[in-house]
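Peer 1: Reminder that position 100 of the sequence shown reads as 125 in our numbering, one-by-one numbering, no gaps. Just so you know, even glycine gets a beta-carbon here, dropped at the ideal spot from N, CA and C.
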Amino acid sequence: MNADSRSRLNQTPEWTALAKHREELADAHLRDLFATDPGRGAGYTLQVGDLHIDYSKHLVTDETLRLLRELAATTDVFGLRDAMFRGDRINITEDRAVLHTALRAPRDAVVEVDGEN
C-alpha cells in the first residue's frame with residue numbers, strides 16, 4: 026500500500042464494513058454477549074509473557090476481529106510494522122522514520138536510520 030492509499034484508509038471497503046458492523050453493535054450490551062457465550066472471558070483473553078490482555082469486556086465479537094484482520098491485511102499493517110523496525114521512512118506526512126522502537130529499546134540497542142544509530 027503506498028502513501029497516498031494509506032492516507033485514505035477510511036475510504037476502503039474494509040473500513041466501510043467495519044463502520045457498518047459498529048452500527049450493528051450500537052445497541053449491544055456486554056451482559057448479552059457474555060450470556061450468549063459463556064466462554065467469552067477465556068476466549069477474549071491473551072497471555073503474552075507477563076502481559077495479560079483481556080478484551081472480553083469490550084464491545085467486540087468474532088466478526089469484529091475478522092473485520093479488523095481484513096483491514097490490517099488491506100493496509101499492510103505487518104509490512105509497515107517490519108518497515109518501522111527497519112527504520113524505513115513510513116511517516117508519510119513528514120517523510121521520516123517513526124522511531125517508536127527507539128523509545129522503547131534498551132539503552133545499548135542499535136537503532137539505525139539512514140546509517141546512523
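1) Rounded to a whole number of angstroms, what is the C-alpha to C-alpha distance between residue 106 and residue 63?
2) So what does DSSP say about residue 121, is it helix, strand or coil?
3) Note down, one range per segment and in chain order, each alpha helix (DSSP H) of at least 4 residues found wholly within the region 57-111.
4) Taking 8 Å as the cut-off, decide whether the C-beta atoms of residue 92 and residue 58 are in contact.
5) Using only CA atoms, which one of 96, 56, 95 and 126 lies nearest to residue 109?
6) Cβ of residue 62 versus every heavy atom of the ligand COA: is any distance shorter than 7 Å?
7) Please report the straight-line C-alpha distance between residue 66 and residue 72, rounded to a whole angstrom.
8) Can you tell which of 84, 61 and 77 has the C-alpha that lies nearest to the C-alpha of residue 48?
9) Put residue 141 into one of helix, strand or coil per three-state DSSP.
10) Strictly by DSSP, which residues pair up with residue 116?
11) When you compare the CB positions of residue 158 and residue 89, do they come within less than 8 Å of one another, or not?
Peer 2: Based on what the coordinates show:
1) 35 Å
2) strand
3) 65-68, 87-99 and 102-111
4) Contact: no.
5) 126
6) The ligand content of the structure shown is nil, which means the ligand COA is not present either.
7) 13 Å
8) 84
9) Three-state result, residue 141: strand.
10) 121.
11) The structure shown has nothing for residue 158, since the chain only spans 26 to 142.
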